[in-house]
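Colleague: One structure, pasted below without further comment.
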Amino acid sequence: MRRVLSPSTAAAIVAAVAVLCVAFTAGVAAAPDAGAVPAESAGNGPVTSDAVPSASAENGPVTSDAVPSASAEECGPGDGTELVGCWNGTHYEESVDFAETDGLNETQLAALTDLTMARVEHVRQRPFREDVPVETVTRGEYLNGTASGNSSEAFRRWNDQVWEALFVVGDDANANSEIDSVFGGAVSGFYSPTADRIVIVVPDGESPDIDPSTLAHELLHAMQDQYHDLTDPRYVGATQDSDLAVDGIVEGEAVHVEERYAARCADNWTCAEPPESGGGGGDVPDFNFGILQTVLQPYGDGALYVRELRDEGGWAAVNETMNDPPASTAEVIHRDPDYEERSVSFEDTATGGWETYADQGVDGAETAGEASMFVMFWYQSAGVRFDSGYEYSVLEPDRSPAENYNVHFRTDAELQTRGLYNYAHPVTEGWAGDELYPYRNGERDGYVWATEWQTEGDAAAFRDAYVRMLTAHGDGDYAEGTVYEIGEESDFPGAYGVERDGTSVTITHAPSPAGVLELRPDADLALPDAGDGADGGDGGSDSGDDGDVSDGTDGANRANGSDDGNESGDRANEGDDGNESGDTAGNTPGFGVAATLVAVMAALGLFARRST
């Protein structure tokens, strides 16, 4: 089954989420002030200087389903797993007497793990059932053990069309490689449910330093595994959207607990400072930030979702949602467990030798979902910050590319430990379902993307934004009912057909206008006039502002990225990258991403403190 970033495992996908947001996952790095918001000049924040203040994390009331913590007097060596806040004789109010930043030996690592387990128990209000081994590997060992993703040529070609359809990875780029590059050097740690252990990735040639919040984040994943079995198929989504949705509860709970843990450290616990770097290097990484922002979505929205669940129903509500994970990113974005989807109507009527990939995705289809669709439109303005990005106004055509870029930073809630990103916008918030079918025909590639919306107005808003995106990349105006062509100089050359019928919008892409009609022979679309672009037009005007932005963006660090479809990533890569080679195989989605992303975040200055 398909994973968000990497075909081999669901674990990698969750991890990947951490990179951008918390530098969220799968993965970054933390600054000394846990309450501060990183400056926009760091290259990842809003283009303007109106930083959003961080909210302090509340611990919340003890609910009826909570298990009270043991007192220090009750905690002793040899006590069983029935006590909360006590592990191997270490009480959650104790402290360690060594500095993690000097590097840890095995005895110190064991002591730090016992203390962190006791504290996670206290925060989460339930006991661990067994010890959780914590090991360290060097960056080189990690890369050697997780090299390459899905080796299937068919999957790679199929996946290329998925990310090309999202206008995030261009025709000449390799989506799987782009995904790999996003997470390969960013992962700082992960939990492997198949091996029941945590692996912390440390720089080559250095003593192991461990960020306490990374360890707490991964230990929470271990606790989830002990109570819910993260190897269960329900924690592996069959599509990109469902994978990210599952990560919304899995990573969301880990981030929520991390938030409360950080609040305790700020209040009355003695907590070590995180290492100065997360092992990913100090230079601004060259990432595809469209991919990165996609996988980060569960870390922010998921944490808010879990916080709301807990506020309304206590930990019991979180447990219930873990047992029945969200089905779509729309459910997590809007924090609506009853979010309704609709069936998507699609019939394969292609002629001329075009065929789908029956063995990929779900009967050949991928579901992108609301989060990925939002990122698709937002990414068209990301060139104001990142190299190789685009500077077009697609989400809000009457505003500048810089203002369109900043839409992603207008959030209705905040977290203490990381910057949050907005994934809700009128252009995509009416999502009700989609099925994206990549096709092949000899050396030619194409796709048909059938989407369904809650209302006709929602469908029209999506269709108009999509047309704006096409004309931004193309040379001419859009003519209603006519196949639109984008020239070879673009990253997304070829022909596009866009049809709206009530609440349905269907997009067809092929190398040539004739290919569009081969893929959709019943489409009510005319071929463009020979020799010039279709004239005409309906509302999808050439929205693209070319991107000359004068509000201080010229000197901004620009990072385009490349990742090739690995599923790693929380905390930058929350963990594992879903490869089945080496002894990191079988990691579950999003476990350890936050730790991984920490290094990335530090380099970008995205977070006030290191996130997991």
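By the count of the working numbering, the sequence shown reaches residue 1651 at its end, each step adding exactly one. All residues carry an ideal CB built from backbone N, CA and C; glycine is no exception.
Return yes when the Cβ of Thr1542 is within less than 8 Å of the Cβ of Arg1559, no when it is not.
Modeller: Position 520 of the sequence shown, counted from the first residue, corresponds to residue 1559. Position 503 of the sequence shown, counted from the first residue, corresponds to residue 1542. No.
Colleague: Short of 6 Å in beta carbon distance, which residues of its chain neighbour Ala1471, apart from the five on each side in sequence? Order them along the chain.
Modeller: Here residue 1471 corresponds to residue number 432 of the sequence shown, with the count starting at 1. Closer than 6 Å at the Cβ level, and outside the excluded window around Ala1471, lie Glu1380, Arg1381, Glu1491, Trp1492, Gln1493.
Colleague: Name the DSSP bridge partner or partners of Arg1236?
Modeller: Counting from 1 along the sequence shown, the entry for residue 1236 is found at position 197. Paired residue(s): Ser1231.
Colleague: State the start and end residues of the unbroken alpha helix (DSSP H) segment that holds Glu1409.
Modeller: The sequence position of residue 1409 within the sequence shown is 370, counting from 1. Where Glu1409 is concerned, the enclosing alpha helix (DSSP H) stretches over 1408-1418.
Colleague: Could you say if the region 1277-1287 and the region 1366-1376 meet the contact criterion of at least three C-beta pairs nearer than 8 Å?
Modeller: These segments touch.
Colleague: Is DSSP giving His1548 helix, strand or coil here?
Modeller: By 1-based counting over the sequence shown, the position of residue 1548 is 509. Residue state, collapsed to three classes: strand.
Colleague: Could you give the distance in angstroms between the alpha-carbon of Tyr1418 and the alpha-carbon of Ala1504?
Modeller: Residue numbering aside, residue 1418 sits at position 379 when the sequence shown is read from its first letter. Residue numbering aside, residue 1504 sits at position 465 when the sequence shown is read from its first letter. Cα to Cα, the separation comes out at about 13 Å.
Colleague: Should Pro1166 go down as buried or exposed, given a rule of 16 or more other Cβ atoms within 10 Å for buried?
Modeller: If you number the sequence shown from 1, residue 1166 lands on position 127. Counting Cβ neighbours within 10 Å, Pro1166 comes out buried, since at least 16 surround it.
Colleague: For Glu1292, which three-state DSSP category applies?
Modeller: Within the sequence shown, numbered from 1, the residue matching residue 1292 stands at position 253. In this structure, Glu1292 counts as helix in the three-state DSSP scheme.
Colleague: Between the C-alpha atoms of His1256 and Val1357, what's the straight-line distance to the nearest angstrom?
Modeller: Position 217 of the sequence shown, counted from the start, is the residue given in the question as residue 1256. Position 318 of the sequence shown, counted from the start, is the residue given in the question as residue 1357. Going from the Cα of His1256 to the Cα of Val1357 covers about 16 Å.
Colleague: With a threshold of 16 other CB atoms inside 10 Å of the CB of Pro1567, please say whether the residue is buried or exposed.
Modeller: Here residue 1567 is taken as the residue at index 528 of the sequence shown, counted from 1. Buried.
Colleague: Roughly how many angstroms separate the alpha carbons of Leu1348 and Ala1355, rounded to a whole number?
Modeller: Residue numbering aside, residue 1348 sits at position 309 when the sequence shown is read from its first letter. Residue numbering aside, residue 1355 sits at position 316 when the sequence shown is read from its first letter. Each residue's Cα considered, the two are about 9 Å apart.
Colleague: Taking the alpha helix (DSSP H) that Asp1497 falls in, what are its first and last residues?
Modeller: As a working note, residue 1497 is residue 458 in the sequence shown. Residues 1495-1512.
Colleague: Return the Cβ separation of Arg1158 and Tyr1131 in integer angstroms, given the expectation that the two are a contact with Cβ distance under 8 Å.
Modeller: Reading the sequence shown from its first residue, position 119 is the one you call residue 1158. Reading the sequence shown from its first residue, position 92 is the one you call residue 1131. So it is a contact: roughly 5 Å between Cβ atoms.
Colleague: Can you find the residues in the same chain that come closer than 6 Å, C-beta to C-beta, to Leu1122, ignoring five residues on each side of it along the sequence?
Modeller: As a position in the sequence shown, residue 1122 is number 83, starting the count at 1. Around Leu1122: Ala1109.
Colleague: So if DSSP puts Cys1125 in a beta bridge, which residue, or which two residues, is it bridged to?
Modeller: Locating residue 1125 in the sequence shown gives position 86, counting from the first residue. Per DSSP, His1130.
Colleague: For Tyr1478, does the count of other Cβ atoms within 10 angstroms reach 16, so buried, or fall short, so exposed?
Modeller: Here residue 1478 refers to the residue found at position 439 when the sequence shown is read from its first residue. It is buried - the Cβ of Tyr1478 has at least 16 other Cβ atoms within 10 Å.
Colleague: State the start and end residues of the unbroken beta strand (DSSP E) segment that holds Thr1175.
Modeller: Locating residue 1175 in the sequence shown gives position 136, where the first residue counts as 1. First-last of the beta strand (DSSP E) with Thr1175: 1173-1177.
Colleague: Using only CA atoms, which one of Met1508, Ala1518, Pro1550 lies nearest to Glu1527?
Modeller: Walking along the sequence shown from the start, residue 1527 turns up at place 488. If we check each option's Cα against that of Glu1527, Pro1550 comes out closest.
Colleague: Taking 8 Å as the threshold, find out whether the region 1326-1345 comes into contact with the region 1418-1433 through three or more Cβ pairs.
Modeller: A contact exists between the region 1326-1345 and the region 1418-1433.
Colleague: Take Gln1147 as the anchor and find which of Pro1251, Glu1435, Thr1360 has the nearest alpha-carbon.
Modeller: Along the sequence shown, one-based indexing puts residue 1147 at 108. Answer by Cα proximity: Pro1251.
Colleague: Does DSSP put Gly1341 in a helix, in a strand, or in coil?
Modeller: Here residue 1341 refers to the residue found at position 302 of the sequence shown. Gly1341 falls in the helix class under three-state DSSP.
Colleague: By Cβ distance below 6 Å, which residues in the same chain neighbour Val1294 in space, the five residues on each side in sequence not counted?
Modeller: Residue mapping note: residue 1294 aligns to position 255 of the sequence shown, counting from 1. Result list for Val1294: Tyr1338, Ala1342, in chain order.
Colleague: Leu1652 lies in the alpha helix (DSSP H); which residues open and close that run?
Modeller: Examination of residue 1652 is not possible in this model, given that the chain is present from 1040 through 1651 alone.
Colleague: Report the residue from Leu1459, Leu1475, Pro1440 whose alpha carbon sits nearest the alpha carbon of Gly1403.
Modeller: Start at 1 with the first residue of the sequence shown, and residue 1403 comes out as number 364. Checked all of Leu1459, Leu1475, Pro1440; the closest Cα to Gly1403 is Leu1475.
Colleague: If you pair each beta-carbon of the region 1269-1276 with each one of the region 1199-1211, do three or more pairs fall below 8 Å?
Modeller: With the cut-off at 8 Å, the region 1269-1276 and the region 1199-1211 do not touch.
Colleague: So, for Tyr1535: in the same chain, excluding its five sequence neighbours on each side, which residues have a beta-carbon less than 6 Å away from its beta-carbon?
Modeller: To locate residue 1535, count along the sequence shown from 1; it is residue 496. Leu1509, Tyr1523, His1548.
Colleague: Just to confirm before moving on: does the CB-CB distance between Gly1554 and Arg1502 stay below 8 Å?
Modeller: Residue numbering aside, residue 1554 sits at position 515 when the sequence shown is read from its first letter. Residue numbering aside, residue 1502 sits at position 463 when the sequence shown is read from its first letter. No, these two residues do not count as a Cβ contact at 8 Å.
Colleague: Sorry if obvious, but does the Cβ on Thr1545 come closer than 7 Å to a heavy atom of the ligand ADP?
Modeller: This structure lacks the ligand ADP, and indeed carries no ligand of any kind.
Colleague: Quick one: Cα of Phe1222 to Cα of Val1544, how far?
Modeller: Stepping through the sequence shown from its first residue, residue 1222 is reached at position 183. Stepping through the sequence shown from its first residue, residue 1544 is reached at position 505. One C-alpha to the other measures close to 33 Å.
Colleague: Can you round the beta-carbon distance between Gln1279 and Ser1411 to whole angstroms, since I take them to be within the 8 Å contact cut?
Modeller: Taking the first residue of the sequence shown as position 1, residue 1279 is located at position 240. Taking the first residue of the sequence shown as position 1, residue 1411 is located at position 372. Rounded, the Cβ-Cβ distance is 6 Å, consistent with contact.
Colleague: Three-state secondary structure (DSSP) at Val1466?
Modeller: For the purposes of this step, residue 1466 is identified with residue 427 of the sequence shown, where counting begins at 1. In the structure shown, Val1466 sits in coil (DSSP, three-state: anything other than H, G, I, E or B).
Colleague: In three-state terms, what does DSSP make of Trp1492?
Modeller: Mapped onto the sequence shown, residue 1492 falls at position 453. Three-state result, Trp1492: strand.
Colleague: DSSP on Ala1624, reduced to helix/strand/coil?
Modeller: In the sequence shown, counting from the first residue as 1, residue 1624 sits at position 585. Low local confidence applies: a pLDDT of 32 at Ala1624 is under 50, so the model's placement there is unreliable, and no value is given.
Colleague: Does DSSP classify Gln1200 as helix, strand or coil?
Modeller: In the sequence shown, the residue the question calls residue 1200 occupies position 161. Three-state DSSP puts Gln1200 in a helix.
Colleague: Tell me the DSSP secondary structure of Leu1348 in three-state form.
Modeller: Residue 1348 sits at position 309 when you count from the first residue of the sequence shown. Correct three-state label for Leu1348: helix.
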